[in-house]
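Residue numbers (my numbering), protein chains in the order written: chain U, 352 to 631; chain P, 34 to 101. C-beta: ideal position from N, C-alpha, C; glycine also. Written out below as structure tokens is the structure these notes cover.
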């Protein structure tokens, strides 16, 4: 049976869609609507504390990298990635605070700026993966088989991939896929960092590439913190290639996370099909 | 600063293999299927990028050369 043949029923898909939207709006809301109150509190506290802490540490300079989108001078949405994954709080803060650098025109020394950027970006990404976690719960709860709760939540598989590329596949029993994906993505990221002399992970220099680099997940977040003091001493011959590699590694990790979710959901739905066949 | 063409080819091959791995793993789920499709996907990407590079090089030496 192919993956395309297995899909949650229409009502479950509608529930998953609303869960994702609510989770992106406010982290934990999707869990709350499924009566998963402990998970709701966990995701809410984690994402909001990271976002607010990150904004505070970086003196709200994250808003130098965003754009207000609106009609006739009225801002409807403040476009800021990846913080926008935690949507409502980002919108609220964008209206309450201005960057103290006034659009980057007067750069100031902010000691915890980099840590603040990493924390707020983590909040946005974790909010999106929290939505996947809530969606996985909705998908799993729709399955009639009593064994479904023993299967790995598809959202957890995706989240594990964000923690370490390939780990989500490994935990669902796809050890070869986990190994080859994880080693490939991490090799690309490390080679890219080496080509940039470990100094090309900087939001101020490449704000959009930086978003891609952050998608590598925990190894990327750690690298961003550890390489903060690294500086270029000369123009490097393969610096642009390094930037391309590290950013691509992040986007490849997102593809791998989507695949981990999809395969884990496939396993759960397959279980439902088997139990239906047994009942027949 | 221009890098060595040999190093650029090695870096292109590395990127092509990783891209091939990601695409094959997204498409297939078993080791045999992934390994079977990986060389074709990696080679296709590497060849297409190389062809673009050749076209860009030729154009830069002919019609895009300021003195041409």
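- For residue 486 of chain U, the closest C-alpha among the options U:533, U:367 and U:613 is that of U:367.
- Annotation for residue 72 of chain P: the continuous alpha helix (DSSP H) segment containing it runs 64-94.
- The segment 452-498 of chain U contains, as complete alpha helix (DSSP H) runs of 4+ residues, the segments 464-492 (chain order).
- Counted as a single uninterrupted DSSP element, the alpha helix (DSSP H) harbouring residue 59 of chain P occupies residues 38-60.
- Per DSSP, reduced to three states, the secondary structure at residue 426 of chain U is strand.
- In terms of Cβ geometry, residue 398 of chain U and residue 481 of chain U form a close pair [threshold 8 Å].
- Chain U places no beta carbon closer than 8 Å to that of residue 46 of chain P, leaving this residue out of the contacts.
- In this structure residue 58 of chain P is not in contact with residue 526 of chain U, their Cβ atoms being roughly 13 Å apart against a cut-off of 8 Å.
- Per DSSP, the unbroken alpha helix (DSSP H) holding residue 361 of chain U starts and ends at 361-376.
- Counting along the chain, no alpha helix (DSSP H) covers residue 557 of chain U, and no H or E run does either.
- Among the residues of the segment 80-101 of chain P, none has a Cβ less than 8 Å away from any Cβ of chain U.
- Collapsing the DSSP output to three states places residue 593 of chain U in a helix.
- Membership of residue 574 of chain U in the alpha helix (DSSP H) is indicated by the continuous run 569-577.
- Following the DSSP letters along the chain, one finds residue 515 of chain U in no alpha helix (DSSP H), marked with neither H nor E.
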